[in-house]
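A short worksheet on the structure shown next.
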Ligand code: ASP
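Numbering (the working numbering), first residue to last: 1 to 383.
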């Protein structure tokens with residue numbers, strides 16, 4: 001099967017895990033299936049293990065790379081970066097790195113951050129064009145400069161000086177979806193009224209492939225976000241994290257989300273743990289989600305409870321008005337120093353998929369999916 005969209009990626013991952021046996025997927029509560037059809041999933045033990053590496057679900061097939069580094073006694077930040085680099089390099093994941101959906105001008109702009117627990121250091125880059133491995137670039141800012149954050153043109157020049165490849169990040173897939181978005185948003189980017197229907201024009205962009213047209217229609221109507229946060233803990237209890245993303249599709253050039261913001265999209269305290277996020281970054285920035293989660297864990301909350309507390313603050317910002325909150329989706333992920341992990345999602349599902357939201361965990365044996373705890377136990381058809 002050609003896996004060209006993030007949506008397909010999620011479905012394929014989840015279904016193959018379920019097919020391979022319920023023991024490969026675990027969570028804190030069994031899935032609720034309104035239609036009565038979903039397989040039930042066993043409850044996990046809340047005990048931690050070390051070494052361990054976790055990420056958003058789109059990292060499921062990349063965590064092996066990070067675990068390899070941890071098992072060889074490598075650095076925890078190198079482990080997290082090894083995992084997310086697989087996703088940044090993957091043209092089929094349109095939410096991160098190469099092949100990420102572009103801004104409104106058709107340019108892919110990437111954001112990333114890193115935190116290295118053992119040395120209490122951080123690095124970040126925002127709005128970077130034409131450089132695919134921005135997690136490693138954020139690490140290079142941390143290692144080779146006296147700065148924490150670099151953005152735009154300056155970050156790009158720094159990357160080229162440091163030997164990163166300068167390349168177009170658009171794939172045929174992301175370029176075509178961008179063209180379809182342009183045709184849907186501006187009369188200047190579709191044929192005039194004396195020409196064939198503009199919908200036919202959009203269909204022609206995808207050579208009539210119905211699945212691709214339907215996916216394009218969805219991401220045009222609901223501009224998607226997408227990211228990979230990844231947290232790695234070694235046997236002796238050192239912990240590091242990274243978050244890397246192409247951000248919000250069709251954004252205004254220069255828009256930066258939460259992913260490169262230390263304390264929002266990524267935060268680590270080597271004495272406590274690490275946290276990351278995906279979803280609407282603007283909501284996370286307003287509550288400093290990563291930092292909030294670490295402080296909650298410091299006071300004794302479990303990773304899952306701490307993630308739910310961050311979501312409660314976001315919901316509070318809208319007086320818990322579900323109509324307003326249904327206009328977006330957001331997820332938090334956390335790992336504590338003992339190797340206990342947890343995640344929570346504002347809504348039960350991920351985008352249009354009715355299953356529970358999931359995240360990826362590798363505790364040394366194999367990578368598997370775990371459930372996010374929903375803050376609202378309802379499906380969000382829009383976020
Ligand atoms: N949080 C990212 C941002 O707002 C996008 C995402 O995670 O989906 O840029």
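For glycine and all other residues, C-beta sits at the position ideal for the given N, C-alpha and C. All values derive from a computational prediction rather than experimental measurement.
Might you give, ordered along the chain, the residues of its own chain that have their beta carbon closer than 7 Å to the beta carbon of residue i, omitting 5 neighbours on each side?
i: residue 391; result: The structure shown has nothing for residue 391, since the chain only spans 1 to 383.
i: residue 189; result: 182, 183
i: residue 315; result: 325, 375
i: residue 285; result: 258, 261, 264
Going straight from the alpha carbon of residue i to that of residue j, what length do you get?
i: residue 30; j: residue 261; result: Summary for residue 30: the model assigns pLDDT 31, below 50, so the residue's position carries little reliability, and this model does not support an answer.
i: residue 95; j: residue 281; result: 13 Å
i: residue 292; j: residue 345; result: 16 Å
i: residue 375; j: residue 204; result: 41 Å
i: residue 330; j: residue 276; result: 11 Å
i: residue 364; j: residue 145; result: 34 Å
i: residue 399; j: residue 348; result: With the chain running from 1 to 383 in the structure shown, residue 399 is simply not present.
i: residue 19; j: residue 358; result: With a pLDDT of only 35 at residue 19, under 50, the local geometry of the prediction cannot be trusted, and no value is derived from it.
i: residue 71; j: residue 210; result: 44 Å
i: residue 122; j: residue 269; result: 11 Å
i: residue 332; j: residue 289; result: 8 Å
i: residue 169; j: residue 307; result: 33 Å
i: residue 234; j: residue 279; result: 27 Å
i: residue 319; j: residue 119; result: 39 Å
i: residue 125; j: residue 328; result: 25 Å
i: residue 97; j: residue 49; result: 30 Å
i: residue 44; j: residue 313; result: Note that residue 44 scores 40 on pLDDT, short of 50, meaning its location in the model is unreliable; the coordinates nonetheless yield the value given after this. Taking the straight line from one Cα to the other gives about 27 Å.
i: residue 324; j: residue 380; result: 11 Å
i: residue 230; j: residue 238; result: 14 Å
i: residue 66; j: residue 356; result: 25 Å
i: residue 201; j: residue 186; result: 13 Å
i: residue 147; j: residue 158; result: 12 Å
i: residue 373; j: residue 63; result: 21 Å
i: residue 142; j: residue 371; result: 33 Å
i: residue 208; j: residue 199; result: 11 Å
i: residue 75; j: residue 153; result: 30 Å
i: residue 47; j: residue 101; result: 38 Å
Kindly identify the DSSP beta-bridge partner or partners of residue i.
i: residue 121; result: 116
i: residue 129; result: Paired residue(s): none; residue 129 is not in a bridge.
i: residue 344; result: 332, 373
i: residue 97; result: Beta-bridge pairing links residue 97 to no other residue.
i: residue 233; result: 52, 239
i: residue 202; result: According to DSSP, which records beta bridges pairwise, residue 202 is partnered with nothing at all.
i: residue 277; result: 332
i: residue 367; result: 362
i: residue 288; result: Residue 288 is not bridged to any residue.
i: residue 150; result: 125
i: residue 164; result: DSSP lists no partner for residue 164.
i: residue 267; result: 275
i: residue 89; result: Beta-bridge pairing links residue 89 to no other residue.
i: residue 111; result: 245
For residue i, I'd like the list of residues in its chain whose CB is within less than 6 Å of its CB, leaving aside the five on either flank, ordered along the chain.
i: residue 21; result: Residue confidence is low: residue 21 scores 32 on pLDDT, short of 50, so the model does not pin down where it sits. No coordinate-derived value is stated.
i: residue 311; result: 344, 346, 375
i: residue 336; result: 273, 297, 303
i: residue 135; result: 81, 84, 112, 242, 244
i: residue 216; result: 177, 180
i: residue 171; result: 91, 99
i: residue 116; result: 77, 240
i: residue 213; result: 203, 206
i: residue 166; result: 130, 160
i: residue 175; result: none
i: residue 140; result: 162
i: residue 52; result: 233, 339, 363
Out of the options, point me to the one whose CA is closest to residue i's CA.
i: residue 137; options: 113, 153, 146, 339; result: 113
i: residue 163; options: 155, 169, 170; result: 155
i: residue 173; options: 131, 219, 325; result: 219
i: residue 236; options: 127, 267, 339; result: 339
i: residue 151; options: 319, 109, 127; result: 127
i: residue 133; options: 200, 147, 87, 69; result: 87
i: residue 263; options: 201, 149, 341; result: 149
i: residue 54; options: 200, 104, 325, 228; result: 228
i: residue 259; options: 157, 283, 185; result: 283
i: residue 305; options: 252, 66, 184, 334; result: 334
i: residue 252; options: 108, 143, 372; result: 108
i: residue 103; options: 299, 285, 373, 250; result: 250
i: residue 287; options: 266, 299, 271; result: 266
i: residue 110; options: 89, 47, 56, 246; result: 246
I want to check one thing, is the minimum distance from the CB of residue i to the heavy atoms of the ligand ADP below 7 Å?
i: residue 357; result: Ligands in the displayed structure: the ligand ASP; the ligand ADP is not one of them.
Excluding five sequence neighbours on each side, which residues of the same chain lie with their C-beta closer than 8 Å to the C-beta of residue i?
i: residue 309; result: 292, 293, 296, 301
i: residue 378; result: 322, 347, 348
i: residue 105; result: 253
i: residue 89; result: 97, 98, 132, 133
Any beta carbon from chain C within less than 8 Å of residue i's own beta carbon?
i: residue 266; result: This model lacks chain C altogether, as it is built from one protein chain only.
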